[in-house]
Every structure is written in C-alpha cells, then in structure tokens.
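S.K.: Dropping a structure here in structure tokens format, bear with me for questions.
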Amino acid sequence: MRRVSLVALLALLCGCDPDTEILGTLVTADGGIPSATLVELKCTGGAQLAVPKTAATDSKGRFALRGSGCLPPSCVLSTGAGFRRAEAHLMEWCKASSPSCAPGTCTSASVTIVLP
Numbered sequence: 001m002r003r004v005s006l007v008a009l010l011a012l013l014c015g016c017d018p019d020t021e022i023l024g025t026l027v028t029a030d031g032g033i034p035s036a037t038l039v040e041l042k043c044t045g046g047a048q049l050a051v052p053k054t055a056a057t058d059s060k061g062r063f064a065l066r067g068s069g070c071l072p073p074s075c076v077l078s079t080g081a082g083f084r085r086a087e088a089h090l091m092e093w094c095k096a097s098s099p100s101c102a103p104g105t106c107t108s109a110s111v112t113i114v115l116p
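Heads up: the sequence shown begins at 1 in this note's numbering, then just goes up one per residue.
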C-alpha cells in the first residue's frame with residue numbers, strides 16, 4: 001500500500017503539466033451580450049502553456065480556453081478595440097492552482113469581462 005501512495009505522490013509532483021481552464025463571460029456595460037467577439041490571452045515572462053491564445057464568445061457571451069500548464073501572474077485577457085477595449089488580470093479571477101505549479105500561479109479561472 002505504501003508503494004502505491006509513493007508512486008501517486010511522485011506522479012503528482014513530477015512536473016507534469018496540469019489541466020488548465022479559463023471560463024468567462026463577456027458583457028457590455030449596458031447589459032448587452034457581444035457574441036462572436038474575440039478574447040485574447042496574453043502571458044509574459046516565458047510562460048510554458050499549451051492553451052489556445054484566443055477564443056470567440058458564443059451567443060450568450062461565453063468563452064472557454066482549455067489546455068495545460070501553469071498560468072503565471074502576468075496573464076491578462078483582453079478584448080475589444082479602441083475605447084471599447086477591456087482587460088482582466090487572471091490572478092484576480094483565479095479559482096484553483098495545482099501542487100505541480102509554482103506558488104502564485106493558476107490553473108483554473110472564471111472571468112467576467114465588462115466592455116465599456
């Protein structure tokens with residue numbers, strides 16, 4: 001039994017990339033729902049992620065970015081253009097991290113972005 005527990009612990013801490021999920025909703029300040037709007041993920045600092053960099057909102061303003069890796073504190077979601085541009089810093093919306101990720105990183109976020 002102890003051998004199985006040690007193997008499970010080593011697998012958890014091996015540095016394997018954890019599943020990463022960013023779920024969100026995009027709305028306008030007046031309550032509108034912008035469908036088919038592109039949301040972009042930007043991370044600096046040499047982040048090693050296997051997560052799509054963009055997603056389009058559906059008819060209800062929802063979007064999802066799924067993949068693997070640890071999201072560093074530098075990650076920002078942005079959308080819109082000109083005066084209607086909005087950004088969300090992911091660490092403000094982080095719901096969970098993984099033991100295989102460095103402290104201060106994130107693997108799961110649920111975001112609401114409001115366009116002006």
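Ideal placement from N, C-alpha and C gives every residue a C-beta, glycine not left out.
Could you tell me how far apart the beta carbons of GLY61 and ALA50 are, in whole angstroms, since I believe they sit closer than 8 Å?
M.R.: Here residue 61 is taken as the residue at index 61 of the sequence shown, counted from 1. Here residue 50 is taken as the residue at index 50 of the sequence shown, counted from 1. At roughly 26 Å, the Cβ-Cβ gap does not stay under 8 Å, so GLY61 and ALA50 are not in contact.
S.K.: For GLY104, is the classification buried or exposed, using 16 other Cβ atoms within 10 angstroms of its Cβ as the cut-off for buried?
M.R.: As a first step, residue 104 must be located in the sequence shown, where it is residue number 104. Counting Cβ neighbours within 10 Å, GLY104 comes out exposed, since fewer than 16 surround it.
S.K.: Leaving out the 5 sequence neighbours to the left and right, which residues in its chain are closer than 7 Å to PRO52 when beta-carbon positions are compared?
M.R.: Your numbering for residue 52 matches position 52 in the sequence shown. Within the same chain, PRO52 has close Cβ partners LEU65, GLY67.
S.K.: Using the C-alpha atoms, what's the distance from CYS94 back to CYS101?
M.R.: Indexing the sequence shown from 1 puts residue 101 at position 101. Indexing the sequence shown from 1 puts residue 94 at position 94. Approximately 13 Å, taken between the alpha carbons.
S.K.: Give me the residue from SER98, PRO116, GLY32 with the minimum Cα distance to GLY82.
M.R.: Indexing the sequence shown from 1 puts residue 82 at position 82. Ranking the options by Cα distance to GLY82, first place goes to PRO116.
S.K.: DSSP three-state call for ARG62: helix, strand or coil?
M.R.: Counted from its first residue, the sequence shown places residue 62 at position 62. Here ARG62 carries a strand assignment [DSSP, helix/strand/coil].
S.K.: Can you give the Cα-Cα distance for ILE22 and THR57, rounded to whole angstroms?
M.R.: Locating residue 22 in the sequence shown gives position 22, counting from the first residue. Locating residue 57 in the sequence shown gives position 57, counting from the first residue. Counting only the Cα atoms, THR57 lies some 13 Å from ILE22.
S.K.: From ILE113 to CYS70, what distance separates their C-alpha atoms?
M.R.: In the sequence shown, the residue the question calls residue 113 occupies position 113. In the sequence shown, the residue the question calls residue 70 occupies position 70. Approximately 21 Å, taken between the alpha carbons.
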